[in-house]
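Per our numbering: the sequence shown ends with 378, consecutive numbering throughout. In this text, a Cβ means the ideal position worked out from N, Cα and C, and glycines have one as well. Here's the structure we're looking at; comments come further down.
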Amino acid sequence: MPETNVFEDLIGQSPSRRSFARKLGLAGAAVAGLGATRGMAQSASPTDTDILNFALNLEYLEAEFYTVATAGVNIASVGLTVSGSGASGATTGGAKVPITDSAVQAIAAELAFDEQTHVALLQGAIASIGGTAIAKPAINLGALGLGFSNMNDFLTLARVFEDIGVTAYGGAAPLISNKTILGYAARILATEAFHSGSIRDQIARLGITVTPVDGADHVPPPFGTQYFNTDSNAISEVRTPGQVLYLAYAKTNATSGGFFPNGVNGNINTSAASSATTDGASITLSPNPILVSPATDGLATISWNAPSASVIQIRVGSPTGALFTTNVNSGSMQTGTWITNGTTFYLQDVSGGKSLTSQNTLATVTAHLQGF
């Protein structure tokens with residue numbers, strides 16, 4: 007079965023519940039059929055299965071939010087599989103939202119379909135590399151006390167979910183080793199970015215005031231000034247899994263709370279400090295972009311500040327990647343001429359013997375090279 011036919015069929019139609027369930031089954035089978043790469047060794051921690059299951063927790067949350075908001079039912083009612091490894095739980099809170107604006111109605115319907123389909127795609131992707139997909143954990147859609155009373159509330163919470171989704175996939179992408187899986191993750195990330203841009207545009211058009219949730223959040227007008235959630239290099243902000251869970255749980259160093267009252271399923275399940283400027287942790291490259299001549303690599307100065315840590319490490323490529331330095335919590339060092347385009351540096355808190363996991367990643371920075 008050619009994968010393009012399945013994806014075009016899924017994207018191009020607005021199915022009934024029965025045909026939707028059937029198409030989701032086809033999508034999962036198509037992704038599972040990509041299992042030729044399932045024997046690829048996983049040398050880094052977390053594994054690709056860990057990363058995909060972490061993403062699946064978030065897709066369960068988004069799919070439930072949009073399905074309840076648009077149809078007043080849960081995702082199991084439209085044919086999605088919600089069983090798997092780990093503790094399963096009910097979804098509570100939320101209700102169908104009275105949306106009167108025709109553009110927002112159409113966007114909300116597409117969002118519901120896309121996020122439902124992402125659940126099935128991730129489940130199939132996990133199976134394709136020999137993993138076991140997690141069950142849907144308990145979800146509390148009413149954790150923030152908003153999202154369902156009116157259209158403005160709906161767009162406010164949708165904006166948070168979509169912007170977090172973009173940064174979560176962006177932060178996790180460098181950790182994925184299977185190129186086929188990385189390709190699908192990139193396509194899901196692109197879709198989440200489409201969602202984010204559309205929601206942010208509606209917020210600006212309707213004059214809805216929203217406020218930042220952390221230091222990686224640049225809100226659109228009328229409260230903010232950026233239509234897109236990008237950094238000073240005009241690229242998407244990223245969050246580590248631990249920083250994403252900080253927003254989901256609403257607390258640091260936790261394994262449950264907020265939207266996930268019993269925690270998420272899978273091996274990535276602990277929140278870290280909030281991202282970048284809110285807790286003061288940062289890591290930067292100077293210059294960035296790095297100007298290089300053709301066929302050469304780059305050199306830059308790395309600066310970091312981690313007030314909450316006593317000892318840090320800077321790792322290259324992942325939380326467990328090559329060690330650049332073990333150092334005090336504030337300082338700067340020059341690299342050698344070995345930086346390539348896309349090299350990502352991870353500022354790790356190793357105080358008191360903390361492990362090299364994404365939960366202990368304080369901040370990241372990605373290098374960009376420009377030729378002359």
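Exercise. Under 8 Å, do residue 167 and residue 71 count as touching if we go by C-beta distance?
Worked result: The residue given as residue 167 occupies position 161 in the sequence shown. The residue given as residue 71 occupies position 65 in the sequence shown. It is a contact, given that the beta carbons lie within the stated cut-off.
Exercise. Which full runs of the alpha helix (DSSP H) of 4+ residues lie inside the segment 181-247, going along the chain?
Worked result: Within the segment 181-247, the complete alpha helix (DSSP H) runs of at least 4 residues are 185-212.
Exercise. Taking C-alpha atoms, which residue in 69, 91, 94, 90 lies nearest to residue 84?
Worked result: By one-based count along the sequence shown, residue 84 stands at place 78. Nearest of 69, 91, 94, 90 to residue 84, Cα basis: 69.
For this session: Give me the Cα-Cα distance between residue 322 and residue 363, rounded to the nearest whole angstrom.
Result: By 1-based counting over the sequence shown, the position of residue 322 is 316. By 1-based counting over the sequence shown, the position of residue 363 is 357. It is roughly 13 Å from the alpha-carbon of residue 322 to the alpha-carbon of residue 363.
Exercise. Which word fits residue 293, buried or exposed, when buried means at least 16 other C-beta atoms lie within 10 angstroms of its C-beta?
Worked result: For the purposes of this step, residue 293 is identified with residue 287 of the sequence shown, where counting begins at 1. By the 16-neighbour rule on beta-carbons within 10 angstroms, residue 293 is exposed.
Problem set entry | Among 194, 206, 210, the one whose alpha carbon lies nearest that of residue 169 | Counting from 1 along the sequence shown, the entry for residue 169 is found at position 163. Ranked by Cα distance from residue 169, the first of 194, 206, 210 is 206.
Problem set entry | Exposed unless 16 or more other CB atoms sit within 10 angstroms - verdict on residue 185 | Position 179 of the sequence shown, counted from the start, is the residue given in the question as residue 185. Per the 10 Å Cβ criterion, exposed.
Exercise. Which term fits residue 36, buried or exposed, when burial requires 16 or more other beta carbons within 10 angstroms of its beta carbon?
Worked result: Walking along the sequence shown from the start, residue 36 turns up at place 30. Its pLDDT being 39, under 50, residue 36 is placed unreliably in this model, and the value from its coordinates should be taken loosely. By the 10 Å Cβ count, residue 36 comes out buried.
Exercise. So what's residue 176 in DSSP terms, helix, strand or just coil?
Worked result: Locating residue 176 in the sequence shown gives position 170, counting from the first residue. DSSP places residue 176 in helix when its eight states are reduced to three.
Exercise. First and last residue of the alpha helix (DSSP H) that includes residue 351?
Worked result: Translated into the one-based positions of the sequence shown, residue 351 becomes position 345. Where residue 351 is concerned, there is no enclosing alpha helix (DSSP H), although the beta strand (DSSP E) it sits in stretches over 350-355.
Exercise. Would you say residue 259 touches the ligand FAD, meaning its beta carbon is less than 7 Å from a heavy atom?
Worked result: Looking at this structure, you won't find the ligand FAD or any other ligand, since it has none at all.
Exercise. Do you know offhand how far residue 272's Cα is from residue 255's?
Worked result: Residue 272 sits at position 266 when you count from the first residue of the sequence shown. Residue 255 sits at position 249 when you count from the first residue of the sequence shown. Rounded to the nearest angstrom, the two C-alpha atoms are 15 Å apart.
For this session: Please say whether residue 181 and residue 287 have beta carbons closer to each other than 8 Å?
Result: By 1-based counting over the sequence shown, the position of residue 287 is 281. By 1-based counting over the sequence shown, the position of residue 181 is 175. No; because the gap between Cβ atoms is not below 8 Å, this pair is not in contact.
Exercise. Rounded to the nearest angstrom, how far is the Cβ of residue 275 from that of residue 290, given a contact under 8 Å?
Worked result: For this step, residue 275 is matched to residue 269 along the sequence shown. For this step, residue 290 is matched to residue 284 along the sequence shown. Wrong, their Cβ atoms sit about 29 Å apart, outside the cutoff.
For this session: Starting from the C-beta of residue 164, find all residues in its chain whose C-beta is less than 6 Å away, skip the five residues before and the five after it, and write them out in chain order.
Result: As a working mapping, residue 164 is identified with position 158 in the sequence shown. Excluding residues within five positions, the ones whose Cβ falls inside 6 Å are 205.
For this session: For residue 300, count neighbouring Cβ atoms within 10 angstroms of its own Cβ and tell me buried if that reaches 16, exposed if not.
Result: By 1-based counting over the sequence shown, the position of residue 300 is 294. It is exposed - the Cβ of residue 300 has fewer than 16 other Cβ atoms within 10 Å.
For this session: Check whether the segment 133-140 touches the segment 240-255, taking contact to mean three or more Cβ pairs, one atom from each stretch, closer than 8 Å.
Result: Verdict: no, contact absent.
Exercise. How would you call residue 340, buried or exposed, if buried means at least 16 neighbouring beta carbons within 10 angstroms?
Worked result: Taking the sequence shown and counting its residues from 1, one reaches residue 340 at position 334. Residue burial annotation: residue 340 is exposed, with fewer than 16 other C-beta atoms found within 10 angstroms of its C-beta.
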